Amino acid sequence: MRIATWNVNSLRTRIDRVEAFLDQHEIDVLAVQETKAREEQLPLMGLQARGYDVAAAGTNQWNGVAIISRVGLDDVVTGFPGQPGWAKDDGPADIESRAIGATCGGVRVWSLYIPNGRKPDDPHYAYKLEWYAALRTAAQDWLGGDAALVGDWNVCPTDDDVFDVAQFKNSTHVTPAEREAFFRFAEDGWVDTVKPHDPSYTYWDYYRQRFERDRGLRIDFVLGSPSLAGRVTGAFVDRDARDPAQGTGAPSDHAPVVVDLAD
DNA sequence: ATGGTAGCAGAGCTA
Numbered sequence: 493m494r495i496a497t498w499n500v501n502s503l504r505t506r507i508d509r510v511e512a513f514l515d516q517h518e519i520d521v522l523a524v525q526e527t528k529a530r531e532e533q534l535p536l537m538g539l540q541a542r543g544y545d546v547a548a549a550g551t552n553q554w555n556g557v558a559i560i561s562r563v564g565l566d567d568v569v570t571g572f573p574g575q576p577g578w579a580k581d582d583g584p585a586d587i588e589s590r591a592i593g594a595t596c597g598g599v600r601v602w603s604l605y606i607p608n609g610r611k612p613d614d615p616h617y618a619y620k621l622e623w624y625a626a627l628r629t630a631a632q633d634w635l636g637g638d639a640a641l642v643g644d645w646n647v648c649p650t651d652d653d654v655f656d657v658a659q660f661k662n663s664t665h666v667t668p669a670e671r672e673a674f675f676r677f678a679e680d681g682w683v684d685t686v687k688p689h690d691p692s693y694t695y696w697d698y699y700r701q702r703f704e705r706d707r708g709l710r711i712d713f714v715l716g717s718p719s720l721a722g723r724v725t726g727a728f729v730d731r732d733a734r735d736p737a738q739g740t741g742a743p744s745d746h747a748p749v750v751v752d753l754a755d
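Just so you know, we're using this note's numbering here: the first sequence kicks off at 493 and counts up by one.
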């Protein structure tokens, strides 16, 4: 089975690229982040024609997550137990836009869009750390089976995961607290299934031709439970999907990450 | 320190 994760930066704008990616790499399960659409807005016909089922969640124009699967899509859940929400203008807490879980081909898959944090002194940064801690607690219950925590984690775990750490001196993604929050998953038994096979960047900012100069970040991860990690036979970052020279219109600023599992 | 690009929505916010 082949699973993948991709922050697409608008599923409607990028649907042609998503369908081409699914076809080219014969993806069985694709976790998507930043759909930037509510479920009823999504163009799903092309996916359904290819034999995929889709489960989407999202309530605002910035985030949104989805799971696209051709090997089953069961027990869909929006949000994880204890997931913190962000209440805006005293409205309802936005939980739906950041996490969706489903069982696909016997694997429990969570598509996650972890809060960006904005600035280290911003309230969203504290929210990000709170979100990490709550996810860790919930995820401890999933370690016993074949489970995958996949998506945009908005953290560069090591200096090797940043093109120039000096440029991030007063920025999120590289602070000790964020890195600790990420590495606590490894302490619990979650395995970075991609790094041994491909440690390359997964994100390049749209600004300043960062992709062309390979000045990127590694922030998209597939963490596997011990039993799932034992099934991994290979993994890679599909840089071509981020290449502005390929396809029409702008690509997402993230590349997809692909992981192969033995049956 | 600022600004550069992209998407949604139709101005300004978010990343």
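The C-beta atom is built at its ideal place from N, Cα and C for all residues, glycine as well. All of these numbers come straight from a predicted model, not from anything done at the bench.
Original post:
With a Cβ-Cβ cutoff of 9 Å, do Ser-589 and Trp-554 count as a contact?
Top reply: yes
Subject >> Proximity winner among Val-563, Val-568, Gly-564, relative to Val-557 (alpha-carbon distances) >> reply: Val-568
Subject >> Selected residue, minimal CA-CA separation from Gly-564, among Pro-615, Leu-503, Asp-520, Arg-700 >> reply: Asp-520
Subject >> Residues of its chain near Gln-738, where Cβ-Cβ distance is below 8 Å and the 5 sequence neighbours each way are ignored >> reply: Same-chain partners within the cutoff: Asp-732.
Original post:
What whole-angstrom Cβ distance do Thr-664 and Gly-609 have, given they're in contact under 8 Å?
Top reply: 4 Å
**OP:** Give the single residue among Thr-595, Asp-515, Ala-523, Arg-676 whose Cα lies nearest to the Cα of Asp-644.
**Re:** Considering only alpha carbons, the answer is Ala-523.
Subject >> Three-state class that DSSP yields for Arg-610 in the structure shown >> reply: coil
Subject >> Beta-ladder partner(s) of Asp-712, from DSSP >> reply: Asp-644
Subject >> Which listed residue (Val-657, Trp-696, Asp-706, Asn-646) has its alpha carbon closest to that of Phe-713 >> reply: With distances taken between Cα atoms, Phe-713 lies closest to Asn-646.
**OP:** Going by DSSP, name the residue or residues bridged to Tyr-695.
**Re:** Leu-709, His-746
Subject >> Residues near Arg-506 by beta carbon distance below 8 Å, same chain, minus five either side >> reply: Val-500, Pro-743, Ser-744
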